[in-house]
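As structure tokens, the structure follows; a few thoughts come after it.
Protein chains: 2
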Amino acid sequence: MKKSMTITEIAKEAGVSKSTVSRVLNNKSDVLPGTKERVLRVIREHQFQPNAYARSMSQRRSRTIGVVVPHDIDYVFQNQYYMEIQRGILKAMTKRGYYALMLCCRDMKEAFDAVLQKRVDGLLLISPLYEHTPYINELLEHHVPLVLIGKSPASQQVYQVCIDNYMGALSAMQHLFGLGHRRIAFINGPHFLPSSEERRRAYLDGMARQGNAVLPGMVREGYNSIDSGYQIANQILNEFPDVSALFVASDYMAIGVLDTIHDRGMRIPQDISVVGFDNIQMSEQVTPSLTTVSQQIEEKGRISVNLLMDLIEGAPTPEGRVIDVEAKLIVRDSTGPVSSRQPDSPWKTHHIAL
Amino acid sequence: MKKSMTITEIAKEAGVSKSTVSRVLNNKSDVLPGTKERVLRVIREHQFQPNAYARSMSQRRSRTIGVVVPHDIDYVFQNQYYMEIQRGILKAMTKRGYYALMLCCRDMKEAFDAVLQKRVDGLLLISPLYEHTPYINELLEHHVPLVLIGKSPASQQVYQVCIDNYMGALSAMQHLFGLGHRRIAFINGPHFLPSSEERRRAYLDGMARQGNAVLPGMVREGYNSIDSGYQIANQILNEFPDVSALFVASDYMAIGVLDTIHDRGMRIPQDISVVGFDNIQMSEQVTPSLTTVSQQIEEKGRISVNLLMDLIEGAPTPEGRVIDVEAKLIVRDSTGPVSSRQPDSPWKTHHIAL
DNA sequence: CTGAAAGCGCTTACAG
DNA sequence: CTGAAAGCGCTTACAG
Numbered sequence: 006m007k008k009s010m011t012i013t014e015i016a017k018e019a020g021v022s023k024s025t026v027s028r029v030l031n032n033k034s035d036v037l038p039g040t041k042e043r044v045l046r047v048i049r050e051h052q053f054q055p056n057a058y059a060r061s062m063s064q065r066r067s068r069t070i071g072v073v074v075p076h077d078i079d080y081v082f083q084n085q086y087y088m089e090i091q092r093g094i095l096k097a098m099t100k101r102g103y104y105a106l107m108l109c110c111r112d113m114k115e116a117f118d119a120v121l122q123k124r125v126d127g128l129l130l131i132s133p134l135y136e137h138t139p140y141i142n143e144l145l146e147h148h149v150p151l152v153l154i155g156k157s158p159a160s161q162q163v164y165q166v167c168i169d170n171y172m173g174a175l176s177a178m179q180h181l182f183g184l185g186h187r188r189i190a191f192i193n194g195p196h197f198l199p200s201s202e203e204r205r206r207a208y209l210d211g212m213a214r215q216g217n218a219v220l221p222g223m224v225r226e227g228y229n230s231i232d233s234g235y236q237i238a239n240q241i242l243n244e245f246p247d248v249s250a251l252f253v254a255s256d257y258m259a260i261g262v263l264d265t266i267h268d269r270g271m272r273i274p275q276d277i278s279v280v281g282f283d284n285i286q287m288s289e290q291v292t293p294s295l296t297t298v299s300q301q302i303e304e305k306g307r308i309s310v311n312l313l314m315d316l317i318e319g320a321p322t323p324e325g326r327v328i329d330v331e332a333k334l335i336v337r338d339s340t341g342p343v344s345s346r347q348p349d350s351p352w353k354t355h356h357i358a359l
Numbered sequence: 006m007k008k009s010m011t012i013t014e015i016a017k018e019a020g021v022s023k024s025t026v027s028r029v030l031n032n033k034s035d036v037l038p039g040t041k042e043r044v045l046r047v048i049r050e051h052q053f054q055p056n057a058y059a060r061s062m063s064q065r066r067s068r069t070i071g072v073v074v075p076h077d078i079d080y081v082f083q084n085q086y087y088m089e090i091q092r093g094i095l096k097a098m099t100k101r102g103y104y105a106l107m108l109c110c111r112d113m114k115e116a117f118d119a120v121l122q123k124r125v126d127g128l129l130l131i132s133p134l135y136e137h138t139p140y141i142n143e144l145l146e147h148h149v150p151l152v153l154i155g156k157s158p159a160s161q162q163v164y165q166v167c168i169d170n171y172m173g174a175l176s177a178m179q180h181l182f183g184l185g186h187r188r189i190a191f192i193n194g195p196h197f198l199p200s201s202e203e204r205r206r207a208y209l210d211g212m213a214r215q216g217n218a219v220l221p222g223m224v225r226e227g228y229n230s231i232d233s234g235y236q237i238a239n240q241i242l243n244e245f246p247d248v249s250a251l252f253v254a255s256d257y258m259a260i261g262v263l264d265t266i267h268d269r270g271m272r273i274p275q276d277i278s279v280v281g282f283d284n285i286q287m288s289e290q291v292t293p294s295l296t297t298v299s300q301q302i303e304e305k306g307r308i309s310v311n312l313l314m315d316l317i318e319g320a321p322t323p324e325g326r327v328i329d330v331e332a333k334l335i336v337r338d339s340t341g342p343v344s345s346r347q348p349d350s351p352w353k354t355h356h357i358a359l
């Protein structure tokens, strides 16, 4: 690499001290306009930019944030959710002049190292799992600026930006109820995601509130992939041919479910309705487009980054540690009124009886 | 953040000079085993890790690589291709102890800044466009260690890791020819991607070699999204109902094409065959699974990172500047022999047969 | 084998 | 308004 200039050389060439160059660089107020202009010209001439790490040393801050994705890299990088989160994050960081160091490590070792080595001013943790709780608490004890995206059972002192999974899932159920569906199956995400439990609860509560029976095989767990959605929907429809709607806890799985239904020669939504969860971009592009619960992915990224930067800079931050972003139901083409071929099913009568 | 220890404090506590601590930290040979042990104990006791930026300053290298994605962030982050590339990159970097700074900027300004500020030891440029050529050449003049992933018409001095798009596309065409297809339409990617031209050439050459006519509307350009594949396939099938196969220059578009065909009541591959390009993970998960040309995405990420790190460390690197990774055809369920009535009979009979 | 000193390229009080 | 000096936390010759 070409040797680049230093502040000392700029100072010499501009005929001032490096203190003055530093003042110009940092836009301090008290520099004579003439001096400032002279220094700026030399800086521009050489395309000079100060060494970021020298700067970090004396300012003891790096303007760098660690973006931690504590999952198996193979799992994460096939999931649009993480990509959209990253998008929100990078956009907001760039806007405020911060840099993002990517830290991909299930055991969070790299993240700890980056903190101990002072590479980062703070950490953003995407979708923590149960197993990360002790690490999170340890970071808090060290007073590392930290924001989680997604819910975690860790210390209540940690900031977490999340949607209300329970209410989001419930709104999906109510949408289906409103369309007359009663026989609704549920495909949940992996049990190791803290969000899965809440969505499950909403499904069960919703069904119970409507007085709808939930048979054991009607609730199943997938791995958030298209393929697992495809498989599980087949199992469900084999066992419960009278199911009129499926609520699926992730869009990827829901897209697999669409395939299943297609392949079984049924129409969506005339024969079966499907609701997803996440609102990844793809959910709008598939055919039929998917009714789903928006996670406000990009928005969460934006909010959490700004919160973290405020934390780092000592700017005022909200009192409450949990920042809730509304989970909005997005109605598209994969849901419709329950089919008229269903009325003779026992559950329908059941509903009317209610 | 909790104030962390410095090498000086470790030295005092271990009763040695900081030079010695530094030697232990860097695993230099000439330290008395006893001394070394004593220092190591203190280091472990305090979980000490040296300040990375202080280190960067004296060593004048940061062990950080800029991963540049010079595209509109909205475009990139809906594309699994970039995610899988990142995966290969991060895996390889972690293994060699480097860190990744994410630089997302169409105009490459942030990338230049990171270089001028000495934040990074080198750059990895993902899928350069035509418009980036002058920037690439400028970086080369400054002797910035640089590796491109994907082809670029920039200076022949730059290392580029890519697949042979022409041969890859040709193998797809030959696969279709082998199955008896003659009436093959082509949906290309955006013209601003350097790869699009090569794939187009392969399609045209293949068709010409077989003596197959290519009517103007049989070659179209999409935007690499599922939705654009869906739309364009509809246009093509409206205009050319006798097309028996589509070669689609990206898996996303190909997935949209599958939807189109489904929606028109035709079967894949019995009525129409579809070949994609990229081999993103999703291509294996859709139904039917997609025959496609593998870009060896993760492999390219791995190779390019290792090449860049060798370049940075002054290790020997290959003579040739273009590292070609083989583009392999992956045959799955979306292609099959041309239907017996294809050559001249119209589609209608088929439709009704359903 | 080990330590004292200089240096990496900045910023930040402290004088004036 | 500006400069000289000290300091950030390391590494790296240079002595011994």
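Protein chains in written order, with this note's numbering: chain L, 6 to 359; chain V, 6 to 359. The C-beta atom is built at its ideal place from N, Cα and C for all residues, glycine as well.
Do residue j and residue i count as a contact pair if the criterion is CB distance below 8 Å?
i, j, result
"V327(L)", "Q85(L)", "no"
"A97(V)", "L108(V)", "no"
"V125(L)", "I141(L)", "no"
"L251(L)", "A190(L)", "yes"
"L334(V)", "V298(V)", "yes"
"T292(L)", "D268(V)", "yes"
"V336(L)", "E304(L)", "no"
"I237(V)", "S339(V)", "no"
"D200(L)", "G155(L)", "The sequence shown places Ser at residue 200(L), rather than the Asp named in the question. Closer than 8 Å, so yes."
"A119(L)", "L106(L)", "yes"
"S61(V)", "Y135(L)", "no"
"M258(L)", "G227(L)", "yes"
Using the Cβ count rule (16 or more neighbours within 10 Å means buried), how would you classify residue i?
i, result
"E146(L)", "exposed"
"V149(L)", "buried"
"N31(V)", "exposed"
"T13(L)", "exposed"
"G127(L)", "buried"
"L359(V)", "Confidence is the limiting factor: at L359(V) the pLDDT is only 32, short of 50, which leaves the residue's position unreliable, though a coordinate-based value still follows. Exposed, since its Cβ has fewer than 16 Cβ neighbours within 10 Å."
"H76(L)", "buried"
"L220(L)", "exposed"
"F197(V)", "exposed"
"W352(L)", "Note on W352(L): pLDDT 44, under 50, position unreliable in the model; the coordinate value appears next. Answer is buried; the Cβ neighbour count reaches 16."
"Y104(L)", "buried"
"L37(V)", "exposed"
"T25(L)", "buried"
"K7(L)", "exposed"
"E50(L)", "exposed"
"R188(L)", "buried"
"G306(V)", "buried"
Tell me, please, which residues DSSP counts as bridged to residue i.
i, result
"D329(L)", "C167(L)"
"V127(L)", "Per the sequence shown, residue 127(L) should be read as Gly rather than Val. Beta-bridge pairing links G127(L) to I70(L)."
"M10(V)", "Partner(s): none; M10(V) has no beta bridge."
"N193(L)", "E226(L)"
"Y104(L)", "T69(L)"
"L95(L)", "Paired residues: none, contrary to the question."
"L334(V)", "V298(V)"
"C109(L)", "V74(L)"
Please compile the residues from chain V whose C-beta is within a distance smaller than 9 Å of the C-beta of residue i.
i, result
"Y104(L)", "L106, M107, L108, E115, A119 and R124"
"M314(L)", "Under the 9 Å cutoff, chain V gives no residues; its nearest Cβ is about 14 Å from M314(L)."
Taking residue i as the query, report the chain V residues whose CB atoms sit under 7 Å from its CB, ordered along the chain.
i, result
"T292(L)", "Y235, D264 and D268"
"A59(L)", "M62"
"S230(L)", "Q290"
Name the chain L residues that come within less than 8 Å of residue i, Cβ to Cβ?
i, result
"T99(V)", "C109, C110 and E115"
"H147(V)", "M6 and K7"
"S67(V)", "Y58"
For residue i, which residues in chain V fall below 8 Å Cβ to Cβ?
i, result
"P55(L)", "Q122"
Check the Cβ of residue i against every Cβ in chain L and list those closer than 9 Å, keeping chain order.
i, result
"Q52(V)", "F117 and L121"
Length-filtered (4 minimum) alpha helix (DSSP H) runs lying within the region 166-190 of chain L
Secondary structure within the region 166-190 of chain L: the alpha helix (DSSP H) runs of 4 or more consecutive residues, fully enclosed, are 170-183 (chain order).
Beta strand (DSSP E) runs contained entirely in the region 225-310 of chain V, provided each spans 3 or more residues
250-253, 278-283 and 296-299
Quick one: which unbroken beta strand (DSSP E) runs of 3-plus residues sit fully inside the region 57-92 of chain V? Chain order, please.
69-74
Along the chain, which unbroken stretches of the beta strand (DSSP E) at least 3 residues long are found entirely within the region 140-167 of chain V?
Whole beta strand (DSSP E) segments, 3+ residues: 151-154.
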